[in-house]
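To convert a position in the sequence shown, counted from 1, into our numbering, add 599. Backbone N, C-alpha and C define an ideal beta-carbon position, used for all residues, glycine too. Nothing here was measured: the structure is a model prediction, and the numbers come from that model. Worksheet for the structure shown next.
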Amino acid sequence: MQIIDMHTHSAYSGHGEGSIAQIVQRAEEIGLSTLAQTEHLVLPDGMDPLFETSMSMPTMQNYLAELRQLREELHERKSPLELVIGIEADWLDDRARELEQLCAPFEYVLGSVHFLDRRPIDDSRDLSVWDDYGHDGVWRRYFETWLDMVSAAGPITCFAHPDLPKKYGWWPSFDAHDYYLEMAHATARSGRMVEVNTAGLRKIAGEAYPGVELLREFCCAGVDCTVGSDAHSPQDLGFAIEKAYALMREAGYTKVAVARADGDRRYIAL
Numbered sequence: 600m601q602i603i604d605m606h607t608h609s610a611y612s613g614h615g616e617g618s619i620a621q622i623v624q625r626a627e628e629i630g631l632s633t634l635a636q637t638e639h640l641v642l643p644d645g646m647d648p649l650f651e652t653s654m655s656m657p658t659m660q661n662y663l664a665e666l667r668q669l670r671e672e673l674h675e676r677k678s679p680l681e682l683v684i685g686i687e688a689d690w691l692d693d694r695a696r697e698l699e700q701l702c703a704p705f706e707y708v709l710g711s712v713h714f715l716d717r718r719p720i721d722d723s724r725d726l727s728v729w730d731d732y733g734h735d736g737v738w739r740r741y742f743e744t745w746l747d748m749v750s751a752a753g754p755i756t757c758f759a760h761p762d763l764p765k766k767y768g769w770w771p772s773f774d775a776h777d778y779y780l781e782m783a784h785a786t787a788r789s790g791r792m793v794e795v796n797t798a799g800l801r802k803i804a805g806e807a808y809p810g811v812e813l814l815r816e817f818c819c820a821g822v823d824c825t826v827g828s829d830a831h832s833p834q835d836l837g838f839a840i841e842k843a844y845a846l847m848r849e850a851g852y853t854k855v856a857v858a859r860a861d862g863d864r865r866y867i868a869l
């Protein structure tokens, strides 16, 4: 069965490791059929002054140029690996127009929520938003912000890790099923994809993003689903992708969606 990885990072993202050349080499070694490189997009001024979790504008231009060169080299070598030029874009209030401009050069755009009130929910160096809102408050704000992202027009191709707040094992005390239904139907209306992200298996949460209950709602709503490791080093590339496929089957999916460089999608039977 074909193995893909549609969510990956390198040293370009500040907190990742390795070069994208090393990631492409690793992708060929493990036999990936499609790789989407998805570094973290430029953040607004002041949010990441040392570029520890994002790229600067000059760095992003270098990233684009290197990806294009690597793809040309793959083509010249007649490599079976398809390299998709992607980006992960953080959703923030009033950022829709900015995202249109910043994401224009990219073929595949992951939309994600990492910040509430422009403070991180998943960075152990600053968890003040959890102190201010409490566990349930963060979860509700996260779901509502994720729904705002999904409901907005824009360049996003696929929505990433829809239950990210569980990263540290902090779960809501309330029944979140109504949110799950709303998220699934909003994504279906948007015509865009969701991912199974295996990074949660490497975290305290101990399960992929999303869990099977939420993933089942995406499936029932008819949302296409792809998979990614959220690797931040070449060694993590392709991590637990077979487990992601198994989770998709458990949730009712019969095929995996794969974004192509030409903007279309292809499918792999599960």
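- Your pair Leu-836 and Ile-602 does not check out as a contact, with CB atoms roughly 10 Å apart and the cut at 8 Å.
- Under a 10 Å Cβ-count criterion, Asn-796 is classified as buried, with 16 or more other Cβ atoms of the shown protein chains found around its own Cβ.
- In terms of CA proximity to Arg-739, Ala-775 leads the group Ala-775, Cys-757 and Phe-705.
- Annotated as proximal: Ser-653 and Leu-642, with beta-carbon spacing under 7 Å.
- Residue nearest to Ala-787 within the set Ala-798, Tyr-767 and Arg-815 is Arg-815 (criterion: CA-CA distance).
- Every beta strand (DSSP E) of 3 residues or more that sits fully in the segment 685-771 is shown, in chain order, as 707-711.
- If the five residues before and after Ala-860 are omitted, its C-beta is found closer than 6 Å to the C-beta atoms of Val-683 and Glu-706, all from its own chain and listed in chain order.
- In the same chain as Tyr-844, and ignoring 5 residues on each side of it, the C-beta atoms closer than 8 Å to its own belong to Met-600, Val-826, Val-855 and Leu-869, in chain order.
- The residue from Asp-731, Leu-640, Cys-757 and Leu-846 with its alpha-carbon nearest to that of Cys-702 is Leu-640.
- Its chain contains Leu-669 as the residues whose beta carbon lies nearer than 7 Å to that of Ala-620, once the 5 sequence neighbours on both sides are disregarded; these appear in chain order.
- Residue burial is scored here from C-beta neighbours: Ile-755 has at least 16 other C-beta atoms within 10 angstroms and is therefore classed as buried.
- When DSSP states are grouped into helix, strand and coil, Asp-604 belongs to the strand group.
- Secondary-structure assignment with DSSP links Met-792 through a beta bridge to Cys-757.
- Taken through DSSP and simplified to helix, strand or coil, His-614 comes out as coil.
- C-alpha of Ala-839 to C-alpha of Arg-694: approximately 33 Å in a straight line.
- One alpha carbon belongs to Asp-731, the other to Gly-617, and they sit about 36 Å apart.
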